[in-house]
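Novice: Protein chains in written order, with this note's numbering: chain V, 288 to 626; chain H, 2 to 279; chain X, 376 to 657.
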């Protein structure tokens, strides 16, 4: 029976226990009550800052780590109890990988990994040639892998993931370390790969919002081990489009003027910044016609309007709405070098 | 519908995995002749120091032969501890271990591939040390039985590499300390296994305990077979030592299978398969 | 400039200590530090006992034992300094960061060697004490020639540091073979320096190599300063202590010039070939 779901998690949790000499054992809640479903044929994105739990989730789904609570199934098989049945159906690529052996050529490294999946040498070499062509690396087939740049090495790793024709492919920050052109090649390739066979499913983690927006059928936003939202990018943006956001540049606004704007019915939120003798206002309005009343209130308060722009919502905005901070601000908080 | 790739399963997958993993050692590693020169030349120079000590104190020519054979066989021990026992530690460092685990090919096959590839690699080096050392120091051999010699050699390899496979799973749980444990497993083992002197020179109890390391009895048996006057310096007869080596090979192989499964489960539970602890 | 040297040396010594020592409990670390040198000594003792049936009172045994004990420093400093390059490049990927920083890379390497020197000193002392207590080593504290011992030791450290610099410079250019290079060079010097047998035992054609190495004179002087009756090498016994010391100083100076030149050349070549951050994944 072919499973309808590529990935399914129920109340999935993972706690790490660390031993510290000074302060005794510590626990780290990496995943907390994660419930996800990825349908067959779906390209699913997992979006979140560093330390959110994305990689922990990938490790559990790829049978590298066992959950401490809940269950996870991949292609219909339990990752803890039926790991041997999961493995022939999956593959994984991580960003910044340095796998393989430096003294082997690109072809040899890829051939070796193909052997671990039971692929004949003839088939493996044929597919290696095809994939290297698709990712514009055909001229590097005989290059020893220690001679590759970081970007080319990552491309080789990506090819390794696709080479074994998995039912479910896990890509953990796959474009990390790639330049703009290479990233574009990889994203285009991912799209073609998904389109060419509807049985294929792909779970992609990234903290590049644009990448998730462009590629994914659905996206889950994860932070501090919890899934905060899960839907198509369009629906996620639509949810928060309950507000209409305008960005205004005006002459300097004092407290009275700001108060006048805030008191306009239909204005939900006003953020105000001063710089270079101008004010920048970001307004969240209940509905579009409110902007006319805001402009009238500004005129009445003697505030001059210099420019007006309506903000289209991005996934970043969705993230900020959910978490209260931007991705960059989150990573600064998690950064041990930045107390 | 696009046809899916055919993927072997069962014993065919096992064999492919073994061959795939053996390839990088047997072929890739050998690519640099400079590396071969250093890995043969420098150990040979180290052996010469012991040979000249024997000469300085009036040691016999057979004892010099012991040093050369011991030095050659020690290459297999080095290969077992660095490239077998601790290999998963290095593989984890570079990120390959996770990829091996998630692949359908079994870890036993990966280990066996490592063993075969490592054996080829070590055999080339050991062979060159024996040839060059024997030529330089005019060592003559008097092989009493070629079939016994081949049997002892292969039993020693089987037992040594089975020990390496068993130890490999233990290293899944180690961090940085792995490298230091391996360091300590060289010279102390050479001492208790009589790598450069007759095993009989050691106290019988020490020799007995050291016999758990396949290098000990393997080397002692090989010496008795290839050197004319060595029977008197042997610890046990080559036939008894062969039987013990066979027993060790079977025990280590069985232990490797069990410990690998157990350690993998433990490593998955504790998340140690992908840690990069420097 | 002196401040840079000192800062490089001090930081690298601290780092070397952290890398070498903070992986386990102190007692295990202590055992680890002495295990290898003691095993090497044990091998030599067994070699000797096999032929002479345990006649440890012979001058030849004292010659071999003292030479081997102090030779521990050679391996320690060779590998300590060369591993500063190998480990930092291959395993920790930090060599490029060290190169880019305003440190003197030579003093950085020396600092890493210093850490190994300090940790292995315990092994040397223990070996000597075991020799004195159990193996009839003729060392009496009242007969030690302290000025000669201290002078020899100090100059010897400089010679070892220069040798280590040469080895670690070459390691910059040998990423694939570098792991065994330091130990291999130490093994080669073990053969030629008369550490465990008189140079006369070597074939005639190889003896000049031994006489050209500063370590030969270092070990000879250490034996003379420590042992009640130093057996010595037949050739070197014709030279008095001062003459021997003079030859040692001159050879150390020549070695230093060669080492500094080797470093300069290897450093430039490594930068030209992009070897500073070459990772092989072997």
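All C-beta atoms in this analysis are idealised placements derived from N, C-alpha and C, irrespective of residue type, glycine included.
CA-CA distance, residue 501(X) and residue 157(H)?
Specialist: Sequence index remark: in the third chain, residue 501(X) carries index 126 (1-based). Sequence index remark: in the second chain, residue 157(H) carries index 156 (1-based). Rounded to the nearest angstrom, the two C-alpha atoms are 36 Å apart.
Novice: Could you pull the start and end residues of the beta strand (DSSP E) that residue 396(V) belongs to?
Specialist: For the purposes of this step, residue 396(V) is taken as residue 109 along the first chain, with counting starting at 1. From DSSP, residue 396(V) is part of no beta strand (DSSP E) but of the alpha helix (DSSP H) over 393-402.
Novice: Kindly indicate which three-state DSSP category residue 631(V) falls into: helix, strand or coil?
Specialist: Past the boundaries of the shown model lies residue 631(V); chain V is included only from 288 to 626, so the question cannot be answered.
Novice: List in chain order: all unbroken alpha helix (DSSP H) runs of 4+ residues lying wholly within the segment 146-183 of chain H.
Specialist: DSSP runs (the alpha helix (DSSP H)) wholly in the segment 146-183 of chain H: 147-171.
Novice: Quick check on DSSP: helix, strand or coil for residue 519(V)?
Specialist: Residue mapping note: residue 519(V) aligns to position 232 of the first chain, counting from 1. If DSSP states are grouped into helix, strand and coil, residue 519(V) belongs with coil.
Novice: Check residue 575(X) in the structure and name its three-state DSSP category.
Specialist: Here the question's residue 575(X) lines up with position 200 in the third chain. Helix, per DSSP.
Novice: Can you grab the Cα-Cα spacing for the pair residue 235(H) / residue 470(X), in whole Å?
Specialist: Numbered from its first residue, the second chain carries residue 235(H) at position 234. Numbered from its first residue, the third chain carries residue 470(X) at position 95. Each residue's alpha carbon lies about 50 Å from the other.
Novice: Considering only the alpha carbon of each residue, which of 299(V), 389(V), 346(V) lies closest to residue 379(V)?
Specialist: Indexing the first chain from 1 puts residue 379(V) at position 92. When only C-alpha atoms are compared, the closest one is 346(V).
Novice: Quick check on residue 316(V): does DSSP put it in helix, strand or coil?
Specialist: Here residue 316(V) is taken as the residue at index 29 of the first chain, counted from 1. Strand, per DSSP.
Novice: Check whether the segment 184-194 of chain H and the segment 413-429 of chain X are in contact - that is, three or more C-beta pairs closer than 8 Å.
Specialist: These segments touch.
Novice: Shortest alpha-carbon distance to residue 274(H) belongs to which of 92(H), 143(H), 48(H), 205(H)?
Specialist: As a working mapping, residue 274(H) is identified with position 273 in the second chain. Among 92(H), 143(H), 48(H), 205(H), the Cα nearest to that of residue 274(H) is on 92(H).
Novice: Starting from residue 575(V), trace the alpha helix (DSSP H) in both directions and tell me its first and last residue.
Specialist: Counting from one through the first chain, the residue named residue 575(V) turns up at place 288. From DSSP, residue 575(V) is part of no alpha helix (DSSP H); its letter is neither H nor E.
Novice: Please state whether DSSP places residue 371(V) in a helix, a strand or coil.
Specialist: As a first step, residue 371(V) must be located in the first chain, where it is residue number 84. Note: residue 371(V) maps to helix in three-state DSSP.
Novice: Look up residue 509(V) in the DSSP assignment and give the residues it is bridged to.
Specialist: Against the first chain, residue 509(V) aligns to sequence position 222. According to DSSP, which records beta bridges pairwise, residue 509(V) is partnered with 514(V).
Novice: Any idea what DSSP makes of residue 495(V), helix, strand or coil?
Specialist: Mapped onto the first chain, residue 495(V) falls at position 208. Reduced to three states, the DSSP call for residue 495(V) is coil.
Novice: Quick one: which chain V residues come within Cβ less than 7 Å of residue 112(H)?
Specialist: To locate residue 112(H), count along the second chain from 1; it is residue 111. Chain V residues near residue 112(H): none, gap ~13 Å exceeds 7 Å.
Novice: Classify residue 626(V) as buried or exposed, calling it buried when 16 or more other Cβ atoms lie within 10 Å of its own Cβ.
Specialist: To locate residue 626(V), count along the first chain from 1; it is residue 339. Annotation note: pLDDT 43 at residue 626(V) (below 50); position unreliable, no value reported.
Novice: Taking all protein chains shown into account, do 16 or more other C-beta atoms lie within 10 angstroms of the C-beta of residue 242(H), making it buried, or fewer, making it exposed?
Specialist: The residue labelled residue 242(H) in the question sits at position 241 within the second chain. Answer is buried; the Cβ neighbour count reaches 16.
Novice: Taking the C-alpha atoms as reference points, what is the distance between residue 249(H) and residue 428(X)?
Specialist: Against the second chain, residue 249(H) aligns to sequence position 248. Against the third chain, residue 428(X) aligns to sequence position 53. Taking the straight line joining both Cα atoms gives about 33 Å.
Novice: Assuming residue 597(V) is part of the beta strand (DSSP E), what are its boundary residues?
Specialist: Within the first chain, residue 597(V) is the residue found at index 310, counting from 1. Unbroken beta strand (DSSP E) run through residue 597(V): 592-598.
Novice: Please name the residue in 343(V), 531(V), 372(V), 601(V) whose C-alpha comes closest to that of residue 573(V).
Specialist: As a working mapping, residue 573(V) is identified with position 286 in the first chain. Comparing Cα positions, the closest option is 531(V).
Novice: Indicate the three-state DSSP secondary structure (helix, strand or coil) for residue 7(H) in the structure shown.
Specialist: As a position in the second chain, residue 7(H) is number 6, starting the count at 1. Residue state, collapsed to three classes: coil.
Novice: Whole angstroms are fine: how far does the CA of residue 547(X) sit from the CA of residue 651(X)?
Specialist: Here residue 651(X) refers to the residue found at position 276 when the third chain is read from its first residue. Here residue 547(X) refers to the residue found at position 172 when the third chain is read from its first residue. Taking the straight line joining both Cα atoms gives about 7 Å.
Novice: Looking at the structure shown, is residue 101(H) part of a helix, part of a strand, or coil, going by DSSP?
Specialist: The residue given as residue 101(H) occupies position 100 in the second chain. Of the three classes helix, strand and coil, the one that applies to residue 101(H) here is helix, per DSSP.
Novice: Taking Cβ-Cβ distances below 8 Å as the criterion, which residues of the segment 557-586 of chain X are in contact with chain H?
Specialist: Residues passing the 8 Å Cβ filter: 558, 559, 560, 562, 563, 565, 566, 570, 571, 572, 573, 576, 577.
Novice: Going along chain H in order, which residues have a C-beta closer than 9 Å to the C-beta of residue 418(X)?
Specialist: For the purposes of this step, residue 418(X) is identified with residue 43 of the third chain, where counting begins at 1. Ordered by position in chain H, the residues that pass the 9 Å Cβ test against residue 418(X) are 51, 188, 191, 192, 196, 197, 198.
Novice: Does the beta carbon of residue 489(V) come closer than 8 Å to any beta carbon on chain B?
Specialist: Looking at the structure shown, chain B is missing, and the protein chains on hand are V, H and X.
Novice: Which of the three DSSP states is assigned to residue 213(H) in this structure?
Specialist: Here residue 213(H) corresponds to residue number 212 of the second chain, with the count starting at 1. Coil, per DSSP.
Novice: Taking 8 Å as the CB-CB cut-off, is residue 426(X) touching chain H?
Specialist: Counted from its first residue, the third chain places residue 426(X) at position 51. True, the Cβ-Cβ gap to chain H drops below 8 Å.
Novice: On the criterion of 16 or more Cβ atoms from any shown chain inside 10 Å, does residue 586(V) qualify as buried, or is it exposed?
Specialist: Along the first chain, one-based indexing puts residue 586(V) at 299. Classification for residue 586(V): exposed.
Novice: With DSSP as the reference, please indicate the residues paired to residue 569(V) in a beta bridge.
Specialist: On the first chain, position 282 is the one that residue 569(V) refers to. Answer is 534(V), 558(V), bridged to residue 569(V).
Novice: Can you list, in chain order, the residues of its chain with a C-beta nearer than 6 Å to that of residue 186(H)? Leave out the 5 residues immediately preceding and following it.
Specialist: The count along the second chain starts at 1 and reaches residue 186(H) at position 185. The residues are 82.
Novice: Compare the C-alpha of residue 379(X) against each of 389(X), 476(X), 460(X) and name the closest.
Specialist: Here residue 379(X) refers to the residue found at position 4 when the third chain is read from its first residue. Checked all of 389(X), 476(X), 460(X); the closest Cα to residue 379(X) is 476(X).
Novice: How many Å lie between residue 210(H) and residue 411(X) at the Cα?
Specialist: Translated into positions along the second chain, residue 210(H) becomes position 209. Translated into positions along the third chain, residue 411(X) becomes position 36. Those two C-alpha atoms are separated by around 19 Å.
Novice: Determine whether the beta carbon atoms of residue 461(X) and residue 539(X) lie at a separation below 8 Å.
Specialist: Counted from its first residue, the third chain places residue 461(X) at position 86. Counted from its first residue, the third chain places residue 539(X) at position 164. No; because the gap between Cβ atoms is not below 8 Å, this pair is not in contact.
Novice: So with Cβ pairs under 8 Å, would you call residue 156(H) a contact of chain V?
Specialist: As a working mapping, residue 156(H) is identified with position 155 in the second chain. Output row for residue 156(H): interface = no.
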